[in-house]
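Engineer:
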Amino acid sequence: RCLNMSKSIIEHAPDRVDNANQTICSFIDSIKSSADLYVKLTDNGKSNVSGLGNRFYSKGVEEFFLEKRVPIPPELFQEMDHMRSHLTIGLFPEVKRAYVTIDCDIYLWSYEADADLAVFDGVPNTILKLCLAKPRPGVFQPHITHVLVVGTVSDIMLFGITNGVEEGLSLIPDPLFKVGLDGQMVRTIVSTESGRIFFTAKDVLYEFEYQEKGWLGRSCKKVDKSTTFFNSITSYIKPVVDGIEEVVVDSTRNILYALTTKSSIQVFDLE
């Protein structure tokens, strides 16, 4: 998940997490203490005849608890002082890395091992979004285990990632694919288990399609997934613009859900 943050928010993040934990737990305790007898007897989520006293039930567990605190590398705070326009922060659990983007630079570090901070400065434009995706079958060599999808102010680029046992995580400097956004602003990027990549720009859901074309080389394009056959035959009717705020993929059902600015949910079948 990618978040847009300021430096001050990042510096005070640990305290904010602790305060949020205490606030939620206090709120839950308040609800329990103020509930009337009927709610306590019938709406506690457990069988009403399984136990006749507190000794039959385990003590409640906190909603949140601190497992481990991993600090942001101190070098990053120095770089944040020179930020010109945009900063994002997030996690890539698939490769056990945390990342920060500052303008057009990407910083990666392991949140499990005590490793050095890696810097990638091969992106020419300001970075807005990042997404880690699986490579599509049959397109890349086996040593490319993931692709890093980089959304900037002007284009979407795919970089190859290798993750060898001895070499560790490495980002291939030259983009494998690149497609322009034609003046649109990328808002969200997601991927599926099969390696399909979707992103939103303006009010449209796109798919980033790429393929290997043998001796002809590789090709890529963005495909509008929001426009249907019905929209095309009724184009003379002025459409109601409803921007897309958030996109998530349900891999078990192979469905993509899009939350719009008017709080409606659009469903896309990916079959």
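Quick note: the sequence shown uses our numbering, first residue 28, plus one each step.
The C-beta atom is built at its ideal place from N, Cα and C for all residues, glycine as well.
(1) Which residues share a DSSP beta bridge with residue 190?
(2) Helix, strand or coil for residue 119, going by three-state DSSP, please let me know.
(3) Any idea what DSSP makes of residue 288, helix, strand or coil?
(4) Which residues mark the beginning and the end of the beta strand (DSSP E) in which residue 232 is found?
(5) In chain order, what residues of the same chain lie with their CB nearer than 7 Å to the CB of residue 142, ignoring the 5 residues before and after it?
(6) For residue 131 and residue 294, I'd like the C-alpha separation in whole angstroms.
(7) With which residues is residue 182 paired in a DSSP beta bridge?
(8) For residue 247 versus residue 236, is the C-beta spacing smaller than 8 Å?
(9) Using the beta-carbon count (16 or more within 10 Å), is residue 50 buried or exposed?
(10) Who are residue 225's beta bridge partners in DSSP?
(11) Should residue 93 be labelled buried (16 or more other beta-carbon atoms within 10 Å of its own) or exposed?
(12) What number of angstroms, rounded off, separates the C-alpha of residue 183 from the C-alpha of residue 58?
(13) What does residue 273 pair with, by DSSP beta-bridge criteria?
(14) For residue 99, name the three-state secondary structure that DSSP assigns.
(15) Nearest to residue 179 by CA position, among 128, 284 and 110, is which residue?
(16) Figure out for me which residue from 122, 230, 276 and 147 has the closest Cα to the Cα of residue 138.
(17) Throw me the rounded Cβ distance for the residue 134 and residue 157 pair, which I believe falls under 8 Å.
(18) Tell me, to the nearest whole angstrom, how far the beta carbon of residue 186 is from that of residue 203; I am working on the premise that it is less than 8 Å.
(19) Going by the DSSP bridge assignment, what does residue 131 pair with across the sheet?
(20) Distance check for residue 54 and residue 48, CA to CA, integer angstroms please.
(21) Measure the beta-carbon distance from residue 274 to residue 231 and round it to whole angstroms, keeping in mind my assumption that it falls under 8 Å.
(22) Using the three-state DSSP reduction, which class does residue 253 fall into: helix, strand or coil?
(23) Do residue 238 and residue 176 have their beta-carbon atoms positioned less than 8 Å apart in this structure?
(24) In this structure, how does DSSP classify residue 142 when only helix, strand and coil are distinguished?
(25) For the putative contact between residue 286 and residue 297, defined by C-beta atoms under 8 Å, what is the C-beta separation to the nearest angstrom?
(26) Can you tell me which of the three DSSP states residue 279 falls into?
(27) Below 8 Å on the Cβ atoms is my contact criterion, and I expect residue 181 with residue 208 to pass it. Report the Cβ-Cβ distance as a whole number of Å.
Structural biologist: Straight from the coordinates:
(1) According to DSSP, which records beta bridges pairwise, residue 190 is partnered with 196.
(2) Three-state result, residue 119: strand.
(3) It is coil, neither helix nor strand.
(4) That run of the beta strand (DSSP E) goes 231-239.
(5) The beta carbon of residue 142 sits closer than 7 Å to the beta carbons of 136 from its chain, once the five residues preceding and following it are set aside; these are given in chain order.
(6) So the alpha carbons of these two residues sit roughly 33 Å apart.
(7) In DSSP, residue 182 forms a bridge with 207.
(8) In contact: residue 247 and residue 236 (Cβ atoms closer than 8 Å).
(9) Exposed is the label assigned to residue 50, since fewer than 16 other Cβ atoms lie within 10 Å of its Cβ.
(10) Looking at the DSSP assignment, residue 225 forms a beta bridge with 217 and 234.
(11) Label assigned to residue 93: exposed.
(12) So the alpha carbons of these two residues sit roughly 47 Å apart.
(13) For residue 273, which the question treats as bridged, DSSP gives the partners 286.
(14) In this structure, residue 99 counts as coil in the three-state DSSP scheme.
(15) Nearest C-alpha to residue 179: 128.
(16) For the residues 122, 230, 276 and 147, the minimum Cα distance to residue 138 belongs to 122.
(17) With 8 Å as the limit, residue 134 and residue 157 do not qualify as a contact, their Cβ atoms being about 11 Å apart.
(18) Indeed they touch by this definition, with Cβ atoms about 7 Å apart.
(19) As far as DSSP is concerned, residue 131 takes part in no beta bridge.
(20) Distance between the alpha carbons of residue 48 and residue 54 is about 10 Å.
(21) Contact between residue 274 and residue 231 fails: their C-beta atoms lie close to 11 Å from each other, not under 8 Å.
(22) If DSSP states are grouped into helix, strand and coil, residue 253 belongs with coil.
(23) Not closer than 8 Å, so no.
(24) Residue state for residue 142 is assigned as coil, using DSSP reduced to three classes.
(25) About 17 Å separates the Cβ atoms of residue 286 and residue 297, ruling out a contact at the 8 Å cut-off.
(26) In the displayed model, residue 279 falls within coil according to three-state DSSP, outside both helix and strand.
(27) By a beta-carbon distance limit of 8 Å, residue 181 contacts residue 208. Their separation comes to about 6 Å.
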